[in-house]
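Working notes, structure below.
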Amino acid sequence: MRSLCALTGSAILLALTACSAGTTPSSEESQLPQVDIAPYLGAKAELIEAESRFVFPIDRYMMSIEDLDKIDRVTTLQMRTCMADKGHTYFSHDVPPSVYLAKDDRRYGIWNLTDAAQYGYGMPTEWIEIQTEMEAAGKAAYADADEAVDQAHAECMEWLSHERLPWIGRGSWLSEDDDRALFLPTDLDYQAYLLAQEDKRYGEAFDEWATCLVENGLTPSEEPGALGPADVPEELEAQIRVAVIDVTCKQKTRLIERVSSVEAQYQAALIAENQAALNASLEKQTEILQKADEIIATHG
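If you read the sequence shown in this note's numbering, its first letter stands for residue 93, the second for the next number, and so on.
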């Protein structure tokens with residue numbers, strides 16, 4: 093059995109995106125725009141600490157996780173139809189992406205003290221259990237798949253790479269077949285993230301947090317953009333100790349509030365400069381979701 097056969101739903105969406113040529117964001121650090129954030133210094137991200145989640149200004153121009161559930165449903169229907177046309181059955185699970193995708197946003201590393209004290213740098217037990225069950229079900233469904241099934245699956249994946257409905261959200265990168273203008277919100281999101289890291293206020297917040305780590309016997313990571321210790325123990329008890337120090341230092345220095353505000357300010361400035369194009373992207377996104385509704389009504 094080939095591993096691709098066990099992919100279902102939005103796992104296929106992610107695989108299609110990751111395996112396509114030209115899937116990196118179009119904004120490289122050397123090409124970042126000059127942005128005047130002076131009028132937007134009051135912009136902030138909403139921090140939902142209980143869920144380790146942010147709400148940024150750019151989010152209103154992207155699809156929601158509920159929209160991803162809808163597009164995931166369409167992807168499943170498309171694969172099911174394609175495989176049926178080739179005389180085979182397509183396995184799909186009933187767990188939507190809003191349930192099985194990790195919800196915590198770790199763009200600045202971990203920052204929820206309750207989770208740090210329980211899981212260290214790992215993921216919640218419930219999430220791991222869902223992932224394990226889904227993987228086992230996918231493998232079991234295709235345990236006896238022969239070459240004909242493998243070939244049909246590969247052909248349907250290739251077909252779907254051109255026919256899939258795109259999801260425009262944080263973390264979704266465009267492929268060579270995608271409309272760059274449609275994915276402008278994700279591009280601007282990435283630009284703001286990089287611009288924020290070059291802002292001296294970001295560096296000042298980082299330095300204060302790093303100093304706190306050192307004072308508590310830890311060494312901050314030197315990897316670009318990393319906001320965590322350099323060496324994370326594998327043993328859970330030791331890892332929890334490090335994670336609690338990490339998050340406590342972030343709380344003490346207000347690192348998360350400070351750097352997320354800087355990023356939100358760059359987002360606000362980029363939004364103002366690209367308002368018309370963002371509105372056009374939203375219109376196209378609405379059309380995509382309407383098409384998804386039509387497909388579900390017809391085949392779902």
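C-beta atoms are modelled at their ideal positions from N, C-alpha and C, and glycine is treated no differently. All values derive from a computational prediction rather than experimental measurement.
Three-state secondary structure assigned by DSSP to residue i
i, result
"Arg145", "strand"
"Arg256", "coil"
"Gly230", "helix"
"Arg346", "coil"
"Arg333", "helix"
Cβ distance (whole Å) where residue i is taken to contact residue j below 8 angstroms
i, j, result
"Val324", "Val336", "About 12 angstroms; that fails the 8 angstroms criterion."
"Asp338", "Leu381", "Actually they do not touch by this definition, with Cβ atoms about 39 angstroms apart."
"Leu160", "Pro189", "5 angstroms"
"Asp281", "Ile150", "5 angstroms"
"Leu124", "Leu286", "6 angstroms"
Cβ neighbour criterion (16 or more within 10 Å) applied to residue i
i, result
"Ala288", "buried"
"Pro131", "exposed"
"Lys342", "buried"
"Leu133", "exposed"
"Arg293", "exposed"
Cβ pair residue i, residue j closer than 7 angstroms
i, j, result
"Gly440", "Gly201", "Since the first and last residues shown for the chain are 93 and 392, residue 440 lies out of range."
"Lys136", "Ala318", "no"
"Ala142", "Leu276", "no"
"Met192", "Ile220", "The question names Met, but residue 192 is Tyr in the sequence shown. Their beta carbons are not under 7 angstroms apart, which means Tyr192 does not touch Ile220 by this criterion."
"Met155", "Gly261", "yes"
"Leu257", "Ala360", "no"
"Met226", "His180", "no"
"Asp244", "Met175", "Note that residue 244 corresponds to Ala in the displayed sequence, not to Asp. Yes, they are a contact pair."
"Glu138", "Val127", "no"
"Arg145", "Asp197", "yes"
"Ala302", "Ser313", "no"
heavy atom of the ligand ZN below 6 angstroms from residue i C-beta
i, result
"Ala360", "Annotation note on the ligand ZN: not contained in the displayed structure, which lists no ligands."
Segments assigned alpha helix (DSSP H), at least 4 residues, entirely inside the region 126 to 193: Every unbroken stretch of the alpha helix (DSSP H) spanning 4 or more residues and falling wholly within the region 126 to 193 is given here in chain order: 157 to 177 and 189 to 192.
Continuous alpha helix (DSSP H) assignments of at least 4 residues falling wholly in the region 258 to 305: Those alpha helix (DSSP H) runs which fall completely within the region 258 to 305 and span 4+ residues are 276 to 290.
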